[in-house]
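Enquirer:
Residue numbers (the working numbering), protein chains in the order written: chain Y, 441 to 701; chain A, 441 to 701.
#1: Taking the beta strand (DSSP E) that residue 607 of chain Y belongs to, which residues open and close that run?
#2: Taking the alpha helix (DSSP H) that residue 670 of chain A belongs to, which residues open and close that run?
#3: For a test of the three-state rule: what should DSSP assign to residue 501 of chain Y, helix, strand or coil?
#4: If we call anything under 8 Å between Cβ atoms a contact, is residue 695 of chain Y one with residue 515 of chain Y?
#5: Kindly give me the distance between the Cβ atoms of residue 611 of chain Y and residue 574 of chain Y, rounded to whole angstroms, as I take these residues to be in contact under 8 Å.
#6: Leaving aside the five residues before and after residue 449 of chain Y along the sequence, list all residues of the same chain whose C-beta is less than 6 Å from its C-beta, in chain order.
#7: One question on the structure: do residue 669 of chain A and residue 601 of chain A come within less than 8 Å of each other, judged by their Cβ atoms?
#8: To the nearest angstrom, how far is the alpha carbon of residue 687 of chain Y from that of residue 581 of chain Y?
#9: For residue 618 of chain Y, count neighbouring C-beta atoms within 10 Å of its own C-beta (all shown protein chains included) and say buried if the count is 16 or more, exposed if not.
#10: What's the call for residue 466 of chain Y, buried or exposed, on a 16-neighbour Cβ count within 10 Å?
#11: DSSP three-state label for residue 481 of chain Y, please.
#12: Identify whether residue 581 of chain Y lies in helix, strand or coil by the three-state DSSP scheme.
#13: Which residues does DSSP pair with residue 520 of chain A in a beta bridge?
#14: Starting from residue 693 of chain A and walking both ways along the beta strand (DSSP E), at which residues does that stretch end?
#15: If the cut-off is 8 Å on Cβ atoms, which residues from the region 586-615 of chain Y count as contacting chain A, listed in chain order?
#16: So, is the C-beta of residue 501 of chain A closer than 8 Å to a C-beta in chain Y?
#17: Assign residue 474 of chain A to buried or exposed, taking buried as 16 or more other Cβ atoms, counted over all protein chains shown, within 10 Å of its Cβ.
#18: Tell me which residues share the same chain as residue 652 of chain A and place their Cβ nearer than 6 Å to its Cβ, disregarding the 5 neighbours each side in the sequence.
#19: How would you label residue 443 of chain Y, buried or exposed, when you count the other beta carbons within 10 angstroms and need 16 or more for buried?
#20: Can you tell me whether residue 574 of chain A is helix, strand or coil according to DSSP?
#21: Could you check if residue 642 of chain Y is buried or exposed, using at least 16 other CB atoms within 10 Å of its CB as the buried criterion?
#22: Using the DSSP secondary-structure output, state which residues sit across from residue 684 of chain Y in a beta bridge.
#23: What residues match up with residue 590 of chain Y in a beta bridge as DSSP calls it?
#24: Buried or exposed: which applies to residue 578 of chain Y, given that a residue is buried once 16 or more other Cβ atoms fall within 10 Å of its Cβ?
#25: Count the other CB atoms, across all protein chains shown, that sit within 10 Å of the CB of residue 533 of chain A; report buried if there are 16 or more and exposed otherwise.
#26: Quick one: grab the DSSP three-state call for residue 561 of chain A.
#27: Output the boundary residues of the beta strand (DSSP E) element that contains residue 537 of chain A.
#28: Look at the alpha carbon of residue 490 of chain Y and the alpha carbon of residue 513 of chain A, and state the distance between them as a whole number of angstroms.
#29: Flag this pair as yes or no: are the beta carbons of residue 486 of chain A and residue 482 of chain Y separated by less than 8 Å?
#30: Quick check: what's the CA-CA separation for residue 598 of chain A versus residue 592 of chain A?
#31: Residues of chain A with CB under 7 Å from residue 485 of chain Y, in chain order?
#32: Cβ of residue 504 of chain Y within 8 Å of Cβ of residue 484 of chain A?
#33: Would the region 668-685 of chain A and the region 496-511 of chain A be scored as touching if the rule is three or more Cβ pairs under 8 Å?
#34: When the distance is taken between beta carbons, is residue 478 of chain A closer than 8 Å to residue 674 of chain A?
#35: Would the beta-carbon of residue 632 of chain A fall within 8 Å of that of residue 663 of chain A?
#36: At least one CB of chain A closer than 8 Å to the CB of residue 506 of chain Y: is that the case?
In structure tokens:
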């Protein structure tokens with residue numbers, strides 16, 4: 441049990457802001473949703489918002505800030521996007537130039553922040569529906585794969601879809617589909633069920649990101665669109681300047697997972 | 441019956457392009473969806489897309505073009521957004537400066553086109569569900585009202601929500617809600633049922649746009665978010681340059697209404 445599992449999102453964000461919390465956010469503020477972060481100059485923000493609009497399954501937008509505003513308006517109150525994530529990554533021309541506990545010194549009046557839904561939120565719904573979540577059982581990062589399914593491009597942003605995989609017993613596939621279909625703001629229904637090679641995955645035991653998990657006899661791999669997709673599109677586009685969260689170091693919302701339905 | 445009710449969208453768009461068709465599109469290409477149009481320079485396009493993202497009920501985006509592209513990619517094939525609408529309106533600094541059968545001479549490399557869902561599409565679903573649509577019965581434009589419900593602002597775009605109203609017998613209210621809730625790309629479920637004054641409507645018989653319709657005893661006014669909302673926000677923002685469709689002169693999609701579910 442995480443020591444901050446029963447702490448409120450606002451308190452945890454304050455501890456993050458004061459650098460009391462500097463590690464991964466998994467397990468904090470039980471029941472509350474967490475989000476991925478991408479920050480871009482307004483110059484590229486239209487293309488990125490359009491990429492998300494054209495690819496809503498891998499890029500479900502929870503909030504977009506006004507240019508230059510560090511404050512969120514919708515998914516969290518009294519939150520400062522430049523300080524309230526434990527670890528940030530700064531990229532220049534597609535190259536990681538550093539990791540930082542806050543990005544106040546990088547802030548500019550033209551920066552736009554995108555908060556993007558994360559599959560953490562639907563794993564709880566799967567458990568509630570009686571569907572096992574293997575990566576939680578095995579205490580691993582969910583396995584993620586780069587597929588050959590093209591995203592719709594938008595301006596400088598293009599790429600193929602990244603998916604996360606959870607093995608599901610045949611009799612529970614329908615439950616896994618319906619439970620997640622009800623949550624379009626956190627990737628929604630699976631994009632593929634079974635046959636990894638159909639979407640260009642050569643070896644299910646060698647994920648491109650995260651860690652592999654056990655697939656038991658009688659279980660079928662189920663694939664959901666993954667929020668790493670826009671991160672990969674961002675790396676490929678190599679904009680002059682971009683900031684993201686560091687993997688696992690997420691933004692914690694004031695909204696509960698079920699409020700993202 | 442409109443003489444083009446059984447003609448394909450592609451053929452009707454070609455007749456519009458050749459100025460054979462110059463009038464309103466209501467009743468053309470039966471079963472196919474129609475859309476509102478807003479064109480803005482890329483300079484304002486991010487704010488407008490963000491306004492739509494923050495206000496999805498009045499501004500359901502069906503397609504956004506790449507800057508400078510006259511061709512649509514998703515909702516219609518071989519369509520030219522600069523010629524395939526019967527009548528356009530050009531605005532400069534919020535002032536209507538002219539109506540034109542095409543906008544080829546105004547085209548610029550920085551223009552972005554927004555195609556926005558229209559309540560024409562869900563009226564058919566209401567009829568299928570056995571819910572009468574008074575404005576169709578009385579052959580009038582649907583009544584629309586400016587409410588006091590604020591939209592979420594985005595950059596230069598702000599305003600209150602505009603709603604359309606259809607009177608529904610009490611026993612059919614639930615059907616009207618569920619039939620339209622299934623179509624989030626064309627405004628979705630009603631935003632208000634009954635009590636017009638709750639949303640700032642003083643006189644239900646004096647709509648701000650369109651024409652009033654008969655409300656029979658036992659019928660309750662039902663209000664849906666309306667695609668005129670972004671047009672009103674556009675007028676209030678007074679961007680240096682903007683183009684819209686002329687009222688009733690819509691873009692006809694290759695997609696059927698039920699495909700917008």
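Beta carbons are placed, not taken as given, at the ideal position from N, Cα and C, and that holds for glycine. As the structure is a computational prediction, the values presented were derived from the model and not from experiment.
Expert: In short:
#1: Walking along the first chain from the start, residue 607 of chain Y turns up at place 167. Per DSSP, residue 607 of chain Y belongs to the beta strand (DSSP E) from 600-609.
#2: The residue given as residue 670 of chain A occupies position 230 in the second chain. From DSSP, the alpha helix (DSSP H) with residue 670 of chain A extends over 668-677.
#3: For the purposes of this step, residue 501 of chain Y is taken as residue 61 along the first chain, with counting starting at 1. Strand.
#4: Position 255 of the first chain, counted from the start, is the residue given in the question as residue 695 of chain Y. Position 75 of the first chain, counted from the start, is the residue given in the question as residue 515 of chain Y. Result yes, Cβ atoms of residue 695 of chain Y and residue 515 of chain Y sit closer than 8 Å.
#5: By one-based count along the first chain, residue 611 of chain Y stands at place 171. By one-based count along the first chain, residue 574 of chain Y stands at place 134. Actually they are not in contact, since the Cβ atoms of residue 611 of chain Y and residue 574 of chain Y sit about 16 Å apart, beyond 8 Å.
#6: Counting from 1 along the first chain, the entry for residue 449 of chain Y is found at position 9. Same-chain partners within the cutoff: 469, 472, 692, 694.
#7: Numbered from its first residue, the second chain carries residue 669 of chain A at position 229. Numbered from its first residue, the second chain carries residue 601 of chain A at position 161. Yes, they are a contact pair.
#8: Here residue 687 of chain Y refers to the residue found at position 247 when the first chain is read from its first residue. Here residue 581 of chain Y refers to the residue found at position 141 when the first chain is read from its first residue. Residue 687 of chain Y and residue 581 of chain Y: Cα-Cα distance of roughly 10 Å.
#9: By one-based count along the first chain, residue 618 of chain Y stands at place 178. With fewer than 16 Cβ atoms within 10 Å of its Cβ, residue 618 of chain Y is classed as exposed.
#10: Working through the first chain from its first residue, we reach residue 466 of chain Y at position 26. Residue 466 of chain Y should be labelled exposed.
#11: Walking along the first chain from the start, residue 481 of chain Y turns up at place 41. Correct three-state label for residue 481 of chain Y: strand.
#12: The residue labelled residue 581 of chain Y in the question sits at position 141 within the first chain. Looking at residue 581 of chain Y - three-state DSSP - the assignment turns out to be coil, as it is neither helix nor strand.
#13: Counting from one through the second chain, the residue named residue 520 of chain A turns up at place 80. Per DSSP, A:511.
#14: Here residue 693 of chain A refers to the residue found at position 253 of the second chain. Residue 693 of chain A -> beta strand (DSSP E) spans 691-696.
#15: 592, 594, 595
#16: Here the question's residue 501 of chain A lines up with position 61 in the second chain. So yes, residue 501 of chain A belongs to the interface.
#17: Position 34 of the second chain holds residue 474 of chain A. Under this definition residue 474 of chain A is a buried residue.
#18: Along the second chain, read from residue 1 onward, the residue named residue 652 of chain A stands at position 212. Hits under 6 Å: 583, 645.
#19: Translated into positions along the first chain, residue 443 of chain Y becomes position 3. Residue environment: residue 443 of chain Y is assigned as exposed (fewer than 16 neighbouring CB atoms within 10 Å of its CB, all protein chains considered).
#20: As a first step, residue 574 of chain A is located in the second chain; it is residue number 134 there, counting from the start. Per DSSP, reduced to three states, the secondary structure at residue 574 of chain A is helical.
#21: Position 202 of the first chain, counting from 1, holds the residue named residue 642 of chain Y. Its Cβ having fewer than 16 others within 10 Å, residue 642 of chain Y is exposed.
#22: Reading the first chain from its first residue, position 244 is the one you call residue 684 of chain Y. Paired residues: Y:478, Y:529.
#23: Position 150 of the first chain holds residue 590 of chain Y. Paired residues: Y:600.
#24: As a first step, residue 578 of chain Y must be located in the first chain, where it is residue number 138. Its Cβ having fewer than 16 others within 10 Å, residue 578 of chain Y is exposed.
#25: Here residue 533 of chain A refers to the residue found at position 93 when the second chain is read from its first residue. With fewer than 16 other Cβ atoms within 10 Å, it is exposed.
#26: In the second chain, residue 561 of chain A corresponds to position 121, counting from 1. Three-state result, residue 561 of chain A: helix.
#27: In the second chain, counting from the first residue as 1, residue 537 of chain A sits at position 97. Per DSSP, residue 537 of chain A belongs to the beta strand (DSSP E) from 535-540.
#28: Taking the first residue of the first chain as position 1, residue 490 of chain Y is located at position 50. Taking the first residue of the second chain as position 1, residue 513 of chain A is located at position 73. Cα to Cα, residue 490 of chain Y sits roughly 13 Å from residue 513 of chain A.
#29: Here residue 486 of chain A corresponds to residue number 46 of the second chain, with the count starting at 1. Here residue 482 of chain Y corresponds to residue number 42 of the first chain, with the count starting at 1. Their beta carbons are under 8 Å apart, which means residue 486 of chain A touches residue 482 of chain Y by this criterion.
#30: Position 158 of the second chain, counting from 1, holds the residue named residue 598 of chain A. Position 152 of the second chain, counting from 1, holds the residue named residue 592 of chain A. Using only the alpha carbons, I get a separation of about 7 Å.
#31: The sequence position of residue 485 of chain Y within the first chain is 45, counting from 1. Near residue 485 of chain Y (Cβ distances below 7 Å), the residues of chain A are 486.
#32: As a first step, residue 504 of chain Y must be located in the first chain, where it is residue number 64. As a first step, residue 484 of chain A must be located in the second chain, where it is residue number 44. Against a cut-off of 8 Å, the Cβ pair of residue 484 of chain A and residue 504 of chain Y comes out as no contact.
#33: yes
#34: Counted from its first residue, the second chain places residue 674 of chain A at position 234. Counted from its first residue, the second chain places residue 478 of chain A at position 38. Yes; because the gap between Cβ atoms is below 8 Å, this pair is in contact.
#35: Here residue 632 of chain A is taken as the residue at index 192 of the second chain, counted from 1. Here residue 663 of chain A is taken as the residue at index 223 of the second chain, counted from 1. A distance below 8 Å separates the beta carbons of residue 632 of chain A and residue 663 of chain A.
#36: Along the first chain, one-based indexing puts residue 506 of chain Y at 66. Yes, contact with chain A.
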